[in-house]
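With UniProt numbering applied, the sequence shown covers 1 to 339. Note that the Cβ used here is the ideal one computed from N, Cα and C, for glycine as well. Beneath this line is the structure, given in structure tokens, with notes to follow.
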Amino acid sequence: MRNQYLDLLRAVATVRVVVYHSTGWAALTVAFPAMSVMFALAGSLMAASLDKYGPWAVERRLHRLLPSLWVIVGIAVPVMFTAGMVWDWKVLLWAFPLQDPPAAGFWLEGLAAMWYLRDFLWMVLLSPLALPLFRRAPLLTILTPYVALAVMTFTGIKPPAVIHDLALYGGAWLLGFAHHDGMLKLTARRWWLIGALAVTGVIWTLTHPGPRGFDLNDIPLGNALWSAAFILVALGISPMVRPRRVLTVLNSRALTIYLWHVPIIVALSHFAIWSGLPIFGWVGISWRLVVVTIALAGVVLAVGWVEDWAAGRRPQLVPGVSRRQIPVSPAPAMASTRV
């Protein structure tokens, strides 16, 4: 049975990402650190899959992830070549982006959020090694990415983007492991830890603002500490949540929404600049949110079914809509039950 509370968290995270990229409101990164929450939820699900399927869980996770990526890449890459992008073998990385593949023109902005899939792939591939290490030494394993991020921050070391992001979000993924193993239940002692993480994260953020002020995306250490506190609370509780159609739709189409919302927002911003329509202020933000929502709904209807196929479900335009069952006459008493 699906955990509707985890579905609720994933749905809120998905909506928050779209709203943040549409508005640029830095406060949203503090109110709900969506990316860290998404990595934590994915880590919990990955641990469950590894327990059930062993190493084959990696193949199952990749099978669910890559087809939706290939749909948008199948459109973006030919368009980039048509627009004059020069051939480079790294273009092939769009099929399996363990590094940042080249992009050009409109898609340089439109595919900017693909770093999430790059990091996700690495964490999936590393999970069969990380989960046994975590279970042997949970605290040491969880602390490792946070210590690595602190070292990078205080020494000024600039590692490759993948290494930096594994340090930034790897702790959230490992907290997902802890959630799956039932280790995150809230206790009086844990509240002290949550408070220490939150206060330290807030102090660091306030004393080290980024170019966009207190946007946590520009303050990695503050982001990691605040997100850890948030995850410990969010995954430390397990309230009852009733199934809702909106949760089914948002969870079944979360990847499609994530992949396509940035290109839509970028295209809409270019159109607004060209046409002179307002972009900022309540008027600009309101009309853009409405149009982004409508456009995303259209994309979800057009290609969202790929997520059903990738997950082994019957493809549907709208997830959760059940077809009318046709009554079947009972078989004769002596009829064979073999199918």
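_Quick check on Gly276: does DSSP put it in helix, strand or coil?_
coil
**Prompt:** Using the rule of at least 16 other Cβ atoms within 10 Å of the residue's Cβ for burial, across every protein chain shown, is Glu307 buried or exposed?
**Reply:** buried
For Trp89, report the span of its alpha helix (DSSP H) as first-last.
No alpha helix (DSSP H) contains Trp89, which DSSP labels as neither H nor E.
*Candidates Leu8, Pro211 and Ala103: closest to Val86 by CA position*: Ala103
Secondary structure of Gly43, DSSP reduced to three states | helix
Is the region 150-158 touching the region 95-102 in the sense that three or more CB pairs, one from each, lie closer than 8 Å? no
Margin query: With three or more C-beta pairs closer than 8 Å as the rule, is the region 130-146 touching the region 107-118?
Written below: no
task = Since I believe Leu50 is in contact with Ala57 (beta carbons under 8 Å), could you give me their beta-carbon distance rounded to a whole number of angstroms?
result = 5 Å
Would residue 349 be called buried (16 or more neighbouring beta carbons within 10 Å of its own) or exposed?
With the chain covering only 1 through 339, there is no way to say anything about residue 349.
Inset, instruction - In angstroms with no decimal places, state the Cα-to-Cα distance between Ala11 and Leu250. - result: 5 Å
Is Gly304 helix, strand or coil by DSSP? coil
Report the three-state DSSP secondary structure of Gly298 (helix, strand or coil). helix
Rounded to whole angstroms, what is the Cα-Cα separation between Trp226 and Leu8?
20 Å
Checklist entry - Going by DSSP, which residues form a beta bridge with Leu213? => result A quick correction: the sequence has Gly, not Leu, at residue 213. Bridge partners of Gly213: Gly210.
- [ ] Taking Ile265 and Val303 to be in contact with their CB atoms under 8 Å, please state how far apart those CB atoms are, rounded to whole angstroms.
- [x] Contact flag wrong, Cβ pair sits at about 17 Å.
Practice item. Pull up the distance between the alpha-carbon of Gln4 and that of His21, whole angstroms please. Key: 26 Å
key: Phe280 and Ala26 closer than 8 Å at C-beta   = no
message = For Ala198, tell me which candidate among Leu216, Trp122 and Gly210 has the shortest Cα-Cα distance.
response = Leu216
| query | Does DSSP put Phe96 in a helix, a strand or coil? | reply | coil
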